[in-house]
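To start, the structure under review is shown below, and the notes come after it.
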Amino acid sequence: MTNDREFDAIVIGAGFAGVTAARELNARGLRPLVLEARHRIGGRTWTDTFDGVMIEYGGGWFSPRQELAMKELGRYGIPLVKDVLPVPEWAVFPTGDGKLESFDGGEALGRLGELLTIIFERSDELLPDPHDPLAAGERIRAVAGQSLRERLDGLELAPRDDKWINTLVAGFSGGYSKNGAYEALAQWWQLAGGELAGWITIEGQAPASGMSALAQEILNDAQARLHLHTPVTRIADDGRLVHVTTASGKRFSAPVAVVATPTNVWRTIDFEPGLPAAHAEVAAQGISVPHSSRVWLRVRGGFGPVHVRDDEGGLLTPMFTHAVLDDGEQLLTGYSQHPDFDPSRPDHIRDLLARLLPQAELVAYKAHDWGRDPYALGGWALRRPGQLFRLPELQQPHGRVTFANDGIANGWHGFVDGAIETGFRAAEQATVIASR
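Right, dumping it as structure tokens:
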């Protein structure tokens, strides 16, 4: 067994929650060991290039309203590149019976903005302090079990309006609006300022050096020992030390451990003693959307920047122009939350593109399937109906084990900012535990 005097804490997972926890443990005088299952750090963020253009397979944008992320960018001198997405000249939106039609880009996206304002009307009363989602007490409890679909049903929107806004909120919910909690998406709205202008800042502003570079800067400050290609299969707490076993059979021990994997991954780890009831329940349900792929497509076709949305449950929605290239071709990016989406098959991608945007000819593409990624088992976090009131329990340590990931954040759950928030909290908890 590795000598436990070589480090004072074990951090499992090197996404933003994990590297933040490691850095803060080091700042408090503890020597962290970081175990990462993948060949790289960053978790569900991953910077790459595609024909010379920097791309992100996971979370790739920051809002200036995400204060913790902004502090990290400032700390490491990384500028935020604004307005990286071209304004769509036209849009392809659903109209009914599986049909898609073309619209003026300003008209279609403008109507989406108006509909967002309608569905989140008076959400400030439910979330007067969006960084404390439980602050409204009984008022928030009254709606915490409501799905986004139920919220839309109560508004009795015109059929086209319902279809258009549903394709947006369903996408955030993992494909279907019945799966996402209304209060969870309303919290994003309020965190962004409770107005459309703030909401728009959630996408389209990127760190100049990419997400992976920021994660590396944080890890560098942690001065941690890092083991890549080291998936963890068992975490045993004997009351004095936490013993962590890897897939290869190697065991590490320390006075405390931070589990910084996505919530969906908890169910793949053998905890001894078992997880508390709240953790086990949410691990079984999942907080992160279960099926999530990010695809990048280089296309030609002689058309302007576009924004495409399919019906709820579509295999690739949304899809939009990320960049117009020097030769007139475009780099599109899109998302899928459908279990049948198969990014490994070029013919599958071509068939989808032919339906959604027949003007486009596929030149090349890249993709990553987070749902089939064994160390993610899904994409970003968005709470399901009823999960909000589990949050205080999920944030508590279990013996000598603490937890950190974007799904259990008070504030920007589902974003890097939320992961950073939980990394700070887990490090503070772990420091207290390690001193016992």
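Using the working numbering, you'd call the opening residue of the sequence shown number 789 and step up by one each time.
Glycine is no exception: its CB is placed at the ideal position from the N, C-alpha and C atoms.
By alpha-carbon distance to D1098, the top candidate from L1029, L823, G884 is G884. V822: not part of any alpha helix (DSSP H); member of the beta strand (DSSP E) spanning 820 to 823, first to last residue. Here N1008 is exposed: its Cβ has fewer than 16 other Cβ atoms, across all protein chains shown, within 10 Å. DSSP, reduced to helix, strand and coil, places L1119 within a strand of the structure shown. Collapsing the DSSP output to three states places R1013 in a strand. Each residue's CA atom was taken as its position, placing A825 and L1113 some 36 Å apart.
Going by beta carbons, F850 and Q1004 fall outside the 7 Å limit. Each residue's CA atom was taken as its position, placing L973 and H1067 some 22 Å apart. In the displayed model, F1212 falls within a helix according to three-state DSSP. For F1040, the uninterrupted beta strand (DSSP E) run begins and ends at 1039 to 1042, by DSSP. Taken atom to atom, the span from the alpha-carbon of A1218 to that of A805 is near 14 Å.
Annotation: L1119 to N1193 spans about 31 Å, alpha carbon to alpha carbon. For Q1011, the closest C-alpha among the options G1074, E812, A924, E938 is that of E812.
Of the candidates A1045, L897, P1134, R1138, the residue whose Cα lies closest to the Cα of R819 is A1045. Linking H919 to D1135 through their CA atoms gives a straight-line distance of about 45 Å.
Residue environment analysis places P916 among the exposed positions, since fewer than 16 neighbouring C-beta atoms fall within 10 angstroms of its C-beta. DSSP, read as helix, strand or coil, puts T1034 in strand. Check the Cα spacing between L979 and each of D941, V1096, A896, R853: the tightest is with R853. Between T1021 and A1035, the C-beta gap is smaller than 7 Å, which places the two residues in contact.
Per DSSP, the continuous beta strand (DSSP E) segment holding L1150 begins and ends at 1149 to 1157. P1061 has its alpha-carbon roughly 16 Å from the corresponding atom of S1041. V1047 counts as buried, since at least 16 other C-beta atoms from the protein chains shown sit within 10 angstroms of its C-beta.
Taking all protein chains shown into account, P1173 has 16 or more neighbouring C-beta atoms within 10 Å of its C-beta and is therefore buried.
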